[in-house]
Every structure is written in structure tokens, then in C-alpha cells.
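Some notes on the structure that comes next.
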Amino acid sequence: MLKPIIEFCASNMHHGTGTLMKKLEQNPDYDVIEYGCLGNCGECYLAPFGMVDGEIIAAASVEELELLIMKAIDSQQAEREALDRLIDDM
Numbered sequence: 056m057l058k059p060i061i062e063f064c065a066s067n068m069h070h071g072t073g074t075l076m077k078k079l080e081q082n083p084d085y086d087v088i089e090y091g092c093l094g095n096c097g098e099c100y101l102a103p104f105g106m107v108d109g110e111i112i113a114a115a116s117v118e119e120l121e122l123l124i125m126k127a128i129d130s131q132q133a134e135r136e137a138l139d140r141l142i143d144d145m
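Counting in the working numbering, the sequence shown runs from 56 upward without gaps.
So, in C-alpha cells, the structure goes:
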């Protein structure tokens, strides 16, 4: 099973995403990466955000961001499992 890749922008840490990043790093089931810039400057300035497997996840608060990241991970995992079942049935 592939680990979800969760990416954070160092420039977005002023929103409190650093604490969330450290928390997620503790989970060995995730690959958590911090970049100097993720190229989403408008998003970065306005709200806490991260990326899950390349999909931008933004929220009004860090707490909401954590919930949305977990939801994205679950959703992407369910999609991969459904695709695997479909391929197995072929």
C-alpha cells in the first residue's frame, strides 16, 4: 500500500501548520514533506493549506485543515481500492 504524501509550505507556517505537520510526521503511515514553496502563493497568504498526493487542501483553521487532510487521505485510499478491485475483476 502506498503511503499518502502530505506536503506543507514553509511560508504557510504563520497559519500554524507547523504544529500539524509535526503531528502528522509522527505517523509512520504518512510521508510528510516540507518545502520552501509549493507555488500557491495566493493560497499560502490567505489560509492554512497543505497538499495530499498533489491535491491542494485548504481550510479556515489548522483544526479544520487536519480534518480535511484526513478526509482526503481516506477518500483517495477508497478510490485506489475501488480501482484495484476493478482491475482485479477484468
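Quick reminder that beta carbons are idealized off the backbone N, C-alpha and C, glycines included. On a predicted model such as this, the values are computed, not experimentally measured, just so you know.
Alpha carbon of residue i to alpha carbon of residue j, nearest angstrom
i: Gly173; j: Ile60; result: Nothing about residue 173 can be read from this structure; the chain reaches only from 56 to 145.
i: Leu122; j: Arg135; result: 20 Å
i: Met106; j: Leu138; result: 22 Å
i: Pro83; j: Ile112; result: 21 Å
i: Asp129; j: Leu120; result: 14 Å
i: Cys96; j: Asp144; result: 43 Å
i: Ala114; j: Ile88; result: 19 Å
i: Ala133; j: Tyr100; result: 31 Å
i: Ala102; j: Thr74; result: 15 Å
i: Gln131; j: Met125; result: 10 Å
i: Lys58; j: Arg140; result: 19 Å
Per-residue burial, residue i [other beta carbons within 10 Å of its own, 16 or more giving buried]
i: Glu118; result: exposed
i: Ala127; result: buried
i: Ile142; result: exposed
Nearest to residue i (by Cα), restricted to the options the options
i: Met68; options: Arg140, Ala127, Tyr90 and Asp144; result: Tyr90
i: Thr72; options: Arg140, Gln131, Ser116 and Gln132; result: Ser116
i: Met76; options: Lys58, Glu98, Leu57 and Phe104; result: Phe104
i: Glu98; options: Cys64, Lys58 and Arg140; result: Cys64
Whole-Å CB distance - residue i paired with residue j, under 8 Å assumed
i: Leu79; j: Tyr85; result: 5 Å
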